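Sequential numbering from 33 applies to the sequence shown in the working numbering.
Glycine included, C-beta positions come from ideal geometry on N, C-alpha and C.
Computed from a predicted structure; not experimentally measured.
Step one of this worksheet: look at the structure below.
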Amino acid sequence: MATGIWVRLMHKARIERDVTVNCGHEDWQEALQTACRLLDVGRPMVLPRHERDWEQFSQARFLKEHFVEDVPFDRMEVEFIDPEKKGLGNRD
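Shown next, in the form of structure tokens:
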């Protein structure tokens, strides 16, 4: 398995839908666009807080208020996956 992002649409504590998209750590926003198209949801607004979380933890969470349109889930979680490394925030 290659590196990429795992995007989960969460409702309460349950994964409603998810998708993985291959990408490098620095290309996560382009991969997020692809994931949103595959999940048929609008792309959320990426704020400085999301960029900081991505740099620190290799993950970001988007709430309903980060989307322009109404969404049928509580949050979108985006996490970088690298099968060669263990734990959060590990990257080259």
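Residue burial classification, residue i (beta-carbon count within 10 angstroms, cutoff 16)
{"i": "C55", "result": "buried"}
{"i": "H82", "result": "buried"}
{"i": "P76", "result": "buried"}
{"i": "F89", "result": "exposed"}
{"i": "L41", "result": "buried"}
Distance, residue j Cα to residue i Cα
{"i": "D114", "j": "V51", "result": "15 Å"}
{"i": "A63", "j": "R49", "result": "16 Å"}
{"i": "W60", "j": "I37", "result": "7 Å"}
{"i": "V78", "j": "R46", "result": "23 Å"}
{"i": "C53", "j": "P80", "result": "A small correction: the amino acid at residue 53 is Val; Cys does not occupy that position in the sequence shown. So the two alpha carbons sit approximately 22 Å from each other."}
{"i": "D124", "j": "D85", "result": "At D124 the pLDDT is 48, less than 50, meaning the model places this residue with poor confidence and gives no usable figure here."}
{"i": "H43", "j": "R107", "result": "7 Å"}
{"i": "V39", "j": "T66", "result": "10 Å"}
{"i": "E109", "j": "E58", "result": "17 Å"}
{"i": "F112", "j": "T35", "result": "7 Å"}
{"i": "T104", "j": "A92", "result": "Here residue 104 turns out to be Pro, not Thr, going by the sequence shown. Answer to the nearest angstrom: the Cα atoms are 19 Å apart."}
Which residues DSSP lists as bridging residue i, in chain order
{"i": "A45", "result": "DSSP, once it has assigned bridges, lists no residue as partnering A45."}
Coarse secondary structure for residue i, derived from DSSP in three states
{"i": "T52", "result": "strand"}
{"i": "L70", "result": "helix"}
{"i": "A34", "result": "coil"}
{"i": "L9", "result": "Missing from the structure shown is residue 9; the chain here goes from 33 to 124 and no further."}
{"i": "E87", "result": "helix"}
{"i": "R81", "result": "helix"}
{"i": "E58", "result": "helix"}
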